[in-house]
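Take a look at the structure set out below.
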Amino acid sequence: MSDVRNIEPKTISVTIDGKTCQGVFGDTILEIARANDIYIPTMCYLTKVMPIASCRMCVVNVEGVEGMILSCQEKATDGAVITTNNAELYKERQNIMKLYNVNHPLECGVCDQSGECDLQNKTMEFDVAGQNFTAREPSRPVQNWGTVSYDPALCIMCEKCVRVSTEITGDEAIKVKFGGYSSTIENVKPDTDHKTLGEAAAVCPVGALVDTGFKYTTNAWELQKIPSSCPHCGGGHEVIYEVKQGKIYRVSNNAEFTTLCSASRYGFDFANEGISKDQAAFQRAVHAFETAGTICFSSQISNEEALILQKLKEERGYKLISHEARAYQKFIQAYGSITGKSLYGGDLERLSRSRAVIVLGTRINDDTPMVKYHINMASKWNRARVAYMHPIEDCHIQNIVTQFIKYEAGSEEGVAALLAETLLKTCDLPESVRQTLNDLDIGNLSAESNVGEEELEALAKSLIKKVGYSLVVGADLYTHPRAENIAKLIALIEKYAGFNVICVPPAGNALGVSLICDLDEAIEGSTVGYNAEGDFTLSALGGGDLDMPALNQQEGTLTGITKRVVPLNVAVDYEGYVL
Ligand code: SF4
Ligand code: SF4
Ligand code: FES
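Everything in the sequence shown is counted per the working numbering, starting at 646 for the first residue and increasing by one.
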């Protein structure tokens, strides 16, 4: 079994506006131009989805080819000579901008997008000072879809939102309603308030699709942008807190390239506010640390806080208890005993390029939506087969799952063994591993787990001739009494079948904590709790004995699912004590 990424890409050379540019076979003209710092205007292009090709702003001339070419979808050919700008191309783009502006309401003064609007910017860039096109304007009232609001009068029908809804988040709630000049987008799932529609609003280049909660609250240019990382699901993805006068108004992201989950985008109201230095509580905390034998903590802490707790253990001999992180730590250590690496080998980029994906032991849509997005991308871009193995079916991913394999809760070890036996059948294995797999009582494991042998055969068959496999495993496996054995079985699949395996970290910074702290199993003596209950509790969550800063009130780092250390910055001030 091999991986698509192992194929060496073929280099090509083109000339753009007289400059020799290198690209890779399969790159579009626009991709090569951008990679070589050459500007081609676009209105509908969104890097993270397939070319939409609805605006024609990206037109170029290619020597020997008649007419104008859409650079966003045209693949470059080796030796092509391309012109991105001349009087004719400028006129074409100017006319497109004029058409966009037909009957466009003059409401920039109150529009949420004002100051960061593509239509505003390109109207200026192409010097649209007059209008020679007209059309009768139909009545197009604003629609409130819950999380987001849609104003058809401002919509330029670029379809970016439709593509994000389909290709990235997979809610498939937004479609085009065709009607010539009266075309709009529509919410085809109005009864479900999909929070993921916020991701569609994030890519809207104008003020047509906006967050309902943010609408008319402030001007974009008044907000200070503070880059940080999301502390919620364990993904550690980049977020930008947009702040005015000490208050977070919204969370944004570099939506051209990245996508957030709903917790990242809307779950920003967790700062521990209005706190000052309570000296009496501080003295009680000092006493609690002097008498405690154990520190219990949640993994909702930064790497730096984890390191301080580890140093406290080394200095004063505390036991460190963090159940979720400890379960993950043991799983990953057992995994590494087979692969020889300190972490799983897979990554999200390869997941989104996969041709087949197996998900085991996680309700992925709820546990880690970001991973689900990447599975959705694989499904939409590569028509990947997706096998979902779980005790309960999930209606939210029915549109991408091609095979649901239900198993009995608690039988995860047997399921992992069956999976390893199935996926490693045709692989070259050391004799000892082959013998172990041969010794498995498949009939018995199948009966105990309720996974039919014919289901596994169908799964194996679906992988034939496909390359680029991924396996995503999650929290149900880490907390299983035989988690370490399960980890070794899964690791065999990475090591010998070449799967892109991702062991999804549990919520918070469990990955960082598991790499930094020497965690214990049992409590000794009295406890100090850190964002967790203890005999004396330090907490950023409110209600503790001494307040601490939340993760959007401190500088530091997290370790995300991408296995990178990512930054935290202060979005909301904090006046109390810190660890
Ligand atoms: S969408 Fe852009 S051009 Fe239209 S009103 Fe809003 S800011 Fe102005
Ligand atoms: S709502 Fe925004 S993103 Fe969607 S089609 Fe209209 S302009 Fe484009
Ligand atoms: S960017 Fe090419 S058609 Fe819109």
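Beta carbons are placed, not taken as given, at the ideal position from N, Cα and C, and that holds for glycine.
For residue i, the nearest candidate out of the options (CA to CA)
i	options	result
I653	P786, V669, I674	The residue you asked about is not Ile; residue 653 is Glu in the sequence shown. Nearest of P786, V669, I674 to E653, Cα basis: V669.
H968	N1154, S759, C753	N1154
S1115	I1131, V1211, S1056, A1001	A1001
K1025	D1012, V1046, D757	V1046
E1129	I983, E817, C753	I983
F1181	E1099, Q788, A930	A930
K986	Y861, T904, A1132	A1132
D772	A1062, A678, E1169, E737	E737
I801	A1142, P750, M1034, D923	P750
P1150	I1138, G1119, H1019	G1119
Y963	M742, E1166, M702	E1166
I885	A1062, I871, E1102	I871
Whole-angstrom distance between residue j and residue i, CA atom to CA atom
i	j	result
G1221	L1122	39 Å
V649	V1112	Because V649 sits at a pLDDT of 42, beneath the cut-off of 50, its placement in the model cannot be relied upon, and the following sentence gives the value as read from the coordinates. Taking the straight line joining both Cα atoms gives about 6 Å.
G824	D682	38 Å
S909	A865	19 Å
E1093	I1087	10 Å
A1136	G879	21 Å
M646	C803	Reliability of the predicted coordinates at M646 is poor, the pLDDT of 37 falling under 50, and the value obtained from them is presented with this limitation in mind. The straight-line gap from Cα to Cα measures roughly 40 Å.
G938	G1179	11 Å
Y826	D856	26 Å
V833	I1042	17 Å
V1173	Q955	14 Å
L1069	K1106	13 Å
T665	T729	14 Å
G912	D1012	15 Å
G919	D757	30 Å
C689	A721	19 Å
Y1219	L1186	13 Å
E761	C753	11 Å
Three-state secondary structure (DSSP) of residue i
i	result
H1035	strand
E1220	coil
Q928	helix
D1012	helix
V1060	helix
T1182	strand
T1207	coil
I819	strand
R679	helix
N789	strand
I1225	Since the first residue of the chain shown is 646 and the last is 1224, residue 1225 is not available in this structure.
T656	strand
Y1175	strand
G825	helix
N948	helix
L1085	coil
N1214	coil
E959	helix
Bounding residues of the beta strand (DSSP E) (the contiguous stretch that carries residue i)
i	result
A1001	1001–1005
Y886	883–889
C1148	1145–1148
V1043	As written in the sequence, residue 1043 is Gln, which differs from the Val given in the question. Note, Q1043: premise wrong, no beta strand (DSSP E); not H, not E.
V896	892–897
T665	664–669
Q869	869–874
V1117	1114–1118
Residue i vs residue j beta-carbon contact at 7 Å
i	j	result
G1006	E1038	no
A845	V809	yes
C849	C806	yes
Q869	L1164	no
E831	K822	yes
L1203	V1215	no
V1217	Q1198	yes
A798	R781	no
G991	V755	no
Residue interval of the alpha helix (DSSP H) (run including residue i)
i	result
N706	No alpha helix (DSSP H) holds N706; the beta strand (DSSP E) holding it covers 704–707.
G843	842–848
L1134	1128–1142
T779	Here T779 belongs to no alpha helix (DSSP H), and DSSP marks it neither H nor E.
Y690	Counting along the chain, Y690 falls outside any alpha helix (DSSP H), and DSSP gives it neither H nor E.
S1244	Residue 1244 is absent from the structure shown; the chain starts at 646 and stops at 1224.
R738	732–745
L806	Reading the sequence as shown, one finds Cys at residue 806 and not Leu. Residues 805–808.
D763	763–770
V1158	1155–1161
Beta carbon proximity, residue i to chain D, threshold 7 Å
i	result
C906	This model lacks chain D altogether, as it is built from one protein chain only.
Any non-hydrogen atom of ligand 5 closer than 6 Å to residue i Cβ
i	result
L715	This structure lacks ligand 5; its bound ligands are ligand 1, ligand 2 and ligand 3.
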